[in-house]
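> Numbering (our numbering), first residue to last: 3 to 214. The beta carbon of each residue, even a glycine, is placed where N, CA and C say it ideally should be. Treat the numbers as computed from the prediction; the structure is a model and nothing was measured.
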Amino acid sequence: MQTKIAFLSYAILLVAALVGGLRFKKLPTNLRYLVALVGLEVATEALSYTLSLFHQPNLFIMPIFAAGEIWLLALVYDKTMNWLSFSRVRPWLAGSFAAYCIVDSLLSPEMARFKPALLVVESLLVLGLVGLYFRKLLSELRVTNLSREPMFWVSIGLVINHLGNLQIYLFSNLLLTNYSRQLNLNIWAIHALLLVILYSCYCVALWIRPQK
């Protein structure tokens with residue numbers, strides 16, 4: 003079951019990359035950065051899968067992807083919200099997290115080590131970006147139909163994905179060491195299902211035409 007859900011998530015991710023590539027020139031700047039993020043996801047998944055085929059550790063990719071995801075999502079929301087104050091803070095926010103990823107990797111250089119603390123920080127930052135967007139949506143933006151607003155779909159996908167993953171990351175060490183292998187497989191199947199939801203939201207966001 004976990005394998006089937008994982009392959010489904012890969013398939014939807016490839017669809018999102020295809021849609022983003024075909025519509026790239028017609029997309030606004032914020033969604034072009036989203037296409038770049040989808041490209042980073044594809045490259046990360048491809049490299050991770052290749053390493054696993056050759057029975058090589060692939061967890062070292064995690065901090066690199068986390069830093070790239072925060073950097074690109076910060077750009078996505080910066081171009082969406084157009085807040086001067088956030089635009090000033092954004093490079094420091096993304097740069098500080100990238101520095102944290104580097105320091106964490108240097109302090110824990112084991113290539114096969116899972117890093118839940120780093121992923122918890124990443125999820126909190128993503129949820130913070132989404133929270134800022136929803137705040138602006140409620141107070142300043144005039145959107146007549148949320149279902150036709152691409153960033154609403156992106157934000158919903160990120161909220162569901164990172165809220166769910168936050169629970170997994172917070173209790174990952176306990177689950178990985180004290181419970182059965184089957185339970186661990188079920189937990190990571192849920193993780194894959196959350197990716198299916200996220201990538202599906204990316205597909206919708208890149209497919210629909212943004213409202214003016």
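#1: Measure the Cβ-Cβ separation of LEU160 and VAL132 and say whether it is below 8 Å.
#2: Using DSSP with H/G/I as helix, E/B as strand and the rest coil, what is TRP94?
#3: Quick check for students: name the residue ranges of the alpha helix (DSSP H) that lie wholly in the segment 51-84, counting only runs of 4 or more.
#4: Are ASN163 and LEU197 closer than 8 Å when you measure CB to CB?
#5: Please go through the segment 153-197 and give each complete alpha helix (DSSP H) segment of 4 or more residues, from N-terminal end onward.
#6: Compare the C-alpha of PRO65 against each of HIS57, ALA101, LEU165 and name the closest.
#7: Determine, using beta-carbon pairs with one atom in the segment 49-63 and one in the segment 79-93, whether at least three such pairs fall under 8 Å.
#8: What number of angstroms, rounded off, separates the C-alpha of TYR12 from the C-alpha of LEU139?
#9: Excluding the five sequence neighbours on either side, which residues of its own chain have a C-beta within less than 6 Å of the C-beta of LEU74, listed in chain order?
#10: Suppose the cutoff is 8 Å on Cβ atoms and the five residues either side in sequence are ignored; what does the same chain contact list for PHE136 look like?
#11: So what does DSSP say about ARG211, is it helix, strand or coil?
#12: Go ahead and label ASN147 buried or exposed: buried means 16 or more other beta carbons lie within 10 angstroms of its beta carbon, across all protein chains shown.
#13: Determine the direct distance from the alpha carbon of PRO152 to that of LEU187, and round the result to whole angstroms.
#14: Rounded to whole angstroms, what is the Cα-Cα separation between ILE189 and ILE170?
#15: If you draw a straight line from the C-alpha of THR5 to the C-alpha of ARG90, how long is it?
#16: With a threshold of 16 other CB atoms inside 10 Å of the CB of ALA114, please say whether the residue is buried or exposed.
#17: Report yes if the CB atom of ARG150 is closer than 8 Å to the CB atom of ILE199, and no otherwise.
#18: Can you find the residues in the same chain that come closer than 6 Å, C-beta to C-beta, to SER202, ignoring five residues on each side of it along the sequence?
#19: Alpha carbons only, please: which of ASP106, SER107, LEU77 is nearest the one belonging to PRO93?
#20: Starting from the Cα of TYR79, find the closest Cα among LEU129, LEU49, VAL21 and give me that residue.
#21: Do the CB positions of ALA96 and ILE63 come within less than 8 Å of each other?
Reading off the structure:
#1: yes
#2: helix
#3: 63-83
#4: yes
#5: 174-180
#6: ALA101
#7: no
#8: 31 Å
#9: TYR35, ALA38, LEU39
#10: SER157
#11: coil
#12: exposed
#13: 33 Å
#14: 7 Å
#15: 43 Å
#16: With a pLDDT of only 47 at ALA114, under 50, the local geometry of the prediction cannot be trusted, and the value read off the model is given with reservation. Classification of ALA114: exposed, given that the 10 Å Cβ count is below 16.
#17: no
#18: ILE14
#19: LEU77
#20: LEU129
#21: no
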